[in-house]
Amino acid sequence: MARLDVIANKTYSPKKEEVLNQRKWYLIDAEGQTLGRLASNIARILRGKHKPIFSPHVDCGDFVVVINAEKIKVTGKKEEKKLYFSHSGYPGGEKFESLKDLLKRKPEWVLWHAVKLMLPKNRLARRIIRKLKIYAGPNHPHQAQKPEPIPEELLLK
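Taking the working numbering, the leading residue of the sequence shown gets 866, the next gets one more, and so forth.
Here it is as structure tokens:
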């Protein structure tokens, strides 16, 4: 009779050291892309869900560099109707800003905020969001890391 502990398969759990050696840098051009779809693709890559070694409790995602964030588009009337809320902490200190105004003032923040809301709300997500680098124009300072254009098979349609 065979022993069960010898036959049974073990569940693989990636270690932090193993994951650090497999990190890549991807470059995404945001020109003409829709905000929500782009944000969900970025969140998926940052989290590492595209990898076979994905584990929800380990940061196994890749770095993402986004250029041309100022050229993101949205569908419908979201530019005028979508409002972002902030509060100073003082009575009557609430501020509302439309997406159109915010895209002119801080285009990087709009995409960063969309991606951040798609990550889990925990310490791991705060570590994951630091791997996202967003730039309004076509230039970025990460040439030394040699970011490669993102393959089409990694993007959700």
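For each residue, glycine too, the CB sits at the ideal point set by N, CA and C.
Source: prediction; values computed, not measured.
For residue i, report the span of its alpha helix (DSSP H) as first-last.
i    : result
E962 : Here E962 belongs to no alpha helix (DSSP H); instead the beta strand (DSSP E) covers 959–963.
Could you give the C-beta distance for residue i and residue j, rounded to a whole number, given that I count them as a contact under 8 Å?
i    : j    : result
K936 : L964 : No, K936 and L964 are not in contact; Cβ-Cβ is about 14 Å, not under 8 Å.
I918 : V980 : So it is not a contact: roughly 22 Å between Cβ atoms.
D924 : V884 : 7 Å
Checklist entry - In the stretch 871–957, which residue ranges form an unbroken beta strand (DSSP E) of at least 3 residues, counting only runs that do not cross its ends? => result 890–894, 928–932, 948–952
Checklist entry - Could you give the uninterrupted runs of the alpha helix (DSSP H) lying entirely in the stretch 960–1009, keeping only those of 4 residues or more? => result 964–970, 972–982, 988–993
Checklist entry - Taking three-plus beta-carbon pairs below 8 Å as touching, is the stretch 981–990 in contact with the stretch 903–914? => result yes
Item to check | the stretch 881–901 contacting the stretch 928–942, beta-carbon criterion three pairs below 8 Å | outcome: yes
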